[in-house]
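A short worksheet on the structure shown next.
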Amino acid sequence: MNIRPVQTGPVYRCWVCQRPAAGIMDFRTAMGGPTVLDRYADYIGYLDLDRICRQQMHPSRVARLGNLVTPLHFPKGCTVEERIQAIQDAVQFLLEQPQENLADQMMREIARIIHLVYVGTIHPDKAMGLVRLILTMKAEEMEVRHEMSMVW
Ligand SMILES: [Zn+2]
Numbered sequence: 034m035n036i037r038p039v040q041t042g043p044v045y046r047c048w049v050c051q052r053p054a055a056g057i058m059d060f061r062t063a064m065g066g067p068t069v070l071d072r073y074a075d076y077i078g079y080l081d082l083d084r085i086c087r088q089q090m091h092p093s094r095v096a097r098l099g100n101l102v103t104p105l106h107f108p109k110g111c112t113v114e115e116r117i118q119a120i121q122d123a124v125q126f127l128l129e130q131p132q133e134n135l136a137d138q139m140m141r142e143i144a145r146i147i148h149l150v151y152v153g154t155i156h157p158d159k160a161m162g163l164v165r166l167i168l169t170m171k172a173e174e175m176e177v178r179h180e181m182s183m184v185w
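Taking the numbering used here, the leading residue of the sequence shown gets 34, the next gets one more, and so forth.
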């Protein structure tokens, strides 16, 4: 079985050096115009990587399913069909991620936020905002999973 790294956010990191990314840019914003992959736009994103990562050409393209992301690599000179296959393989992998695993990761993220409040690194209001963000992303991902199970 093909094992790929997965991140759940809300803070995403560079796959290579772990520097935090500023967020995820959606495919349409990154492309700035129509492309042959527009049908798959919802499942492609680009990590908004640190300047150092960009200079060192660390890969930013990801396949996404709600808040779940995994690296999306297009081999040099590959055809549109091969790209579509790569997207489908990556999204299929994300669909197969066990839900308990996701819940565990969210619990860890929330525990980390509580710890940051406890040690005084972030304000409780800020923590509530972050927890809300995690829960919203989770709800979106459940919706996407449901949709995907109907059409994919
Ligand atoms: Zn990096």
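We treat Cβ as the ideally placed atom computed from N, Cα and C, and that holds for glycine.
Keep in mind that this is a model prediction, so the values were computed, not measured.
8 angstroms Cβ cutoff met for residue i and residue j
i, j, result
"Val152", "His91", "no"
"Arg97", "Gly78", "yes"
"Val69", "Leu80", "no"
"Met140", "Lys171", "no"
"Thr103", "Ala123", "yes"
"Leu105", "Ala119", "yes"
"Ile57", "Tyr45", "yes"
"Val150", "Pro157", "yes"
"Ile167", "Pro43", "yes"
N-terminal and C-terminal residue of the beta strand (DSSP E) that residue i is part of
i, result
"Ala96", "Arg94 to Leu98"
"Met58", "Ile57 to Asp59"
"Ile36", "No beta strand (DSSP E) holds Ile36; DSSP gives it neither H nor E."
"Tyr79", "Ile77 to Leu80"
"Leu105", "From DSSP, Leu105 is part of no beta strand (DSSP E); its letter is neither H nor E."
Exposure label - residue i; buried when at least 16 CB within 10 Å
i, result
"Thr62", "exposed"
"Met34", "Any reading at Met34 must be qualified, since the residue scores a pLDDT of 48, below 50, and its modelled position is unreliable; the value itself is stated next. Exposed, since its Cβ has fewer than 16 Cβ neighbours within 10 Å."
"Ala55", "exposed"
"Asp71", "exposed"
"Val113", "exposed"
"Phe60", "buried"
"Gly99", "buried"
"Glu174", "buried"
"Glu176", "exposed"
Integer-rounded CB distance, given that residue j should sit under 8 angstroms from residue i
i, j, result
"Leu135", "Thr41", "6 angstroms"
"Cys86", "Cys111", "The pair is not a contact, with the Cβ atoms about 23 angstroms apart (cut-off 8 angstroms)."
"Gln130", "Val39", "6 angstroms"
Unbroken alpha helix (DSSP H) run spanning residue i, endpoints
i, result
"Leu128", "Val113 to Leu128"
"Ile155", "It is not in any alpha helix (DSSP H) - Ile155 carries neither H nor E in the DSSP assignment."
"Cys86", "Arg84 to Gln88"
Requested in this report: For ligand 1, enumerate in chain order all residues having a CB closer than 7 angstroms to any of its heavy atoms.
Outcome: Cys47, Val49, Cys50, Arg52, Leu82, Asp83, Ile85, Cys86, Gln89 and His91
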